[in-house]
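Chains as they are written, first to last, in our numbering: chain A, 427 to 754; chain C, 3 to 391. The beta carbon of each residue, even a glycine, is placed where N, CA and C say it ideally should be. Read the structure below first, then the notes.
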């Protein structure tokens, strides 16, 4: 037994992919630059060298082609894991994802399974040019037939990617690219992971519930620390799964705290926060002391990166929303 | 020097003038008049049994189409995509397949489905609205009908890449070596997905035959709206060969497709077959071709009917007797009866069936919606005023 390693999210995903490929030789990786280069973020680093070009496939630069051929591979009994290089590049594949990947099982009345994982580095904060910092999760969560998850930390990255690959339905797997090479965490490979489609309370609290996923989990935790210094005890839930949603821990929390703030990097209008607010209102109506508030990006296209920190939800804007829930 | 100046050659000079009847590249083994001709590269020594079989297949395929069209007229189907005139293209391609080969169809490949052993009744469910594809693709190696134009060409390419990884390409074992055929039409040739499929297939040397039935019309849009050069010549630009075959000639279509599939099975990569044919019917039963094309054109193509020319050949060469036609007539009538009675007996899905199969296992979210809807429906039980089913 080797000692627990301290790993980054990038490393966790890389190790998880490697483990999944070792466990099942039907697992294939495909995408732009995923082979020799190891991906532009190095998530697939070293995998082609060890598993060969037949299993780690550098694709032509065509996203619809990547996802469309993955459908064919799945029909042949493979479990393709495709990388979309950046969130804003997923749209050429949108038709294949929404009309084929999401619907094949339903169309075939369950005779055909689509065990495809579509990995998308998402979110901003890396000073990139246009189309490299987007948060398209609601577009996929809105589509029946797709499952959508977002990891927020290295340990979840390691487990969740393996669970997504082993799952028989298509999974849109969102990775907060800003976190790839940021914080390290200790990985215990012998641990038993939580099931994939579950949310988790990552900080227990009593005064208000903050819902977050992907890159905003870190923001929410910082916010809770700051609030604690002001005497407010926030509960933070890492949603982890966006479709299906795991609402039980959310309802349990909000019924206790009476206040709920949702934060994500995606636009507020018709974003995940809208659905969460609707569900919480329906189920926790008599426990709520204030309306559910949403803190996300403005309903504008992603701005030039020099002002992206003014666009993305940050500690102060989430804290401000928490304050406002106490003003009702 | 053309008006294009020094910027490359005049394409009309390179590709030659447009030919309404397919031009000099058209591979043909049986003329519209039923005369057997030979081709230096693509030929096949057809036995009398094979020829009678191909004729039978085309007659039965046309019967499927005629019956389904009638069922739509009688309100039993919501819509039907007719294949009238394309029987030779589909039977030629369908009979060139081996059991281990896999087909990715559009929504019009009724003849190919028949060749692959799919009960034609199963095809009607989608058009009746009782299912969205009632057969198991793995059972006959025949994929589900794909309605988004061209999307299946990428699935075909990915499937072929899977075959490469399974080691069933280029082994030299005819029972093992496999290929994929991707069906699509002239309209689909403009889709990005089809062009991406060409690129992926070429890049990975995938064992896939791109089989385009150029039936001259994409609903109301003529082939000239999709391409300025003969379609099969596009293949070269993607890095694999393209052949134009007389799609109303079942012998030529069979011979060319067989060669293309064999090339793929042997590990020599993709190819493009343009079956030059004509959609004698409407795009679907909701379409009215008299709004956009001249009757003269239809009359011209009627003279090239795929079934008639083989009938003439079989008769002229004494390969059939009256008993053959009588037996086939009985068989076609039985098939018609099977489709008519079977179609009317297809059960409607139940209201709660819509919740099934969104995923491999029902999620709690969908189960909750189903239960809520079931309770809502149950609340009308015993009532005569609403929600009745």
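- From the listed residues C:165, C:32, C:42 and C:149, the smallest Cα separation to residue 252 of chain C is found for C:32.
- When DSSP reads this structure, residue 484 of chain A sits in a beta bridge with A:457.
- Residue state for residue 685 of chain A is assigned as coil, using DSSP reduced to three classes.
- Boundaries of the alpha helix (DSSP H) around residue 55 of chain C: 50–75.
- Looking at the backbone, the Cα of residue 264 of chain C and that of residue 180 of chain C are separated by about 9 Å.
- The beta carbon of residue 378 of chain C sits no closer than 8 Å to any beta carbon of chain A.
- The three-state secondary structure of residue 204 of chain C, taken from DSSP, is helix.
- The Cβ atoms of residue 436 of chain A and residue 468 of chain A sit closer than 8 Å to each other.
- Using beta-carbon distances, residue 722 of chain A does not count as an interface residue toward chain C, since no partner is under 8 Å.
- Under the 8 Å criterion on CB atoms, residue 705 of chain A is classed as non-interfacial with respect to chain C.
- The residues 473, in chain order, have a CB closer than 7 Å to that of residue 444 of chain A in the same chain once the five nearest residues on each side in sequence are set aside.
- If the five residues before and after residue 441 of chain A are omitted, its C-beta is found closer than 6 Å to the C-beta atoms of 584, all from its own chain and listed in chain order.
- Taken through DSSP and simplified to helix, strand or coil, residue 215 of chain C comes out as strand.
- Of A:556, A:617, A:573 and A:558, the smallest CA-CA separation from residue 564 of chain A is found for A:573.
- Where residue 612 of chain A is concerned, there is no enclosing alpha helix (DSSP H), although the beta strand (DSSP E) around it starts and stops at 611–613.
- A distance below 7 Å between beta-carbons, with the five flanking residues on each side excluded, links residue 569 of chain A to the following residues of its chain, in chain order: 524 and 528.
- Nearest to residue 221 of chain C by C-alpha distance, out of C:58, C:378 and C:187, is C:187.
- Per DSSP, residue 278 of chain C is not a residue of any alpha helix (DSSP H); the beta strand (DSSP E) it occupies stretches across 273–278.
- Chain A has no Cβ within less than 8 Å of the Cβ of residue 381 of chain C.
- Counted as a single uninterrupted DSSP element, the stretch harbouring residue 292 of chain C is not any beta strand (DSSP E), since DSSP gives it neither H nor E.
- Here residue 590 of chain A is not near residue 613 of chain A, since their CB atoms are 8 Å or more apart.
- For residue 296 of chain C, the closest of C:307, C:283, C:287 and C:288 by C-alpha to C-alpha distance is C:283.
- Close to chain C, meaning a Cβ-Cβ distance shorter than 7 Å, are the following residues of the segment 520–543 of chain A: 521, 522, 525, 526, 531, 532, 533, 534, 535, 536, 537, 538 and 539.
- Closest by C-alpha distance to residue 638 of chain A, out of A:567, A:662 and A:615, is A:662.
- Contiguous beta strand (DSSP E) elements confined to the segment 551–609 of chain A occur at 573–576 and 597–602, taking only those with 3 or more residues.
- Counting C-beta atoms within 10 angstroms of its own C-beta, residue 161 of chain C has 16 or more neighbours from the protein chains shown and is therefore classed as buried.
- Contiguous beta strand (DSSP E) elements confined to the segment 290–374 of chain C do not occur, taking only those with 3 or more residues.
- Taken in chain order, the members of the segment 470–499 of chain A whose beta-carbon sits within less than 7 Å of a beta-carbon on chain C are 480, 486, 488, 490, 491, 494, 495, 496, 497, 498 and 499.
- For residue 505 of chain A, the enclosing beta strand (DSSP E) begins and ends at 505–509.
- For the C-beta of residue 139 of chain C, the chain A residues within less than 9 Å are, from N- to C-terminus, 501, 534, 537 and 538.
- The beta-carbon distance between residue 499 of chain A and residue 164 of chain C, rounded to whole angstroms, is 5 Å. This is short enough to meet the 8 Å contact definition.
- The alpha carbon of residue 205 of chain C has as its nearest neighbour, out of C:273, C:368 and C:332, the alpha carbon of C:273.
- The residue among C:216, C:106 and C:240 with its C-alpha nearest the C-alpha of residue 229 of chain C is C:216.
- The beta-carbon of residue 571 of chain A is placed less than 8 Å from the nearest beta-carbon of chain C.
- In terms of beta-carbon proximity, residue 102 of chain C stays away from the interface with chain A, with every pair separated by 8 Å or more.
- For the segment 558–589 of chain A, residues whose beta-carbon sits nearer than 7 Å to a beta-carbon of chain C comprise 570 and 571.
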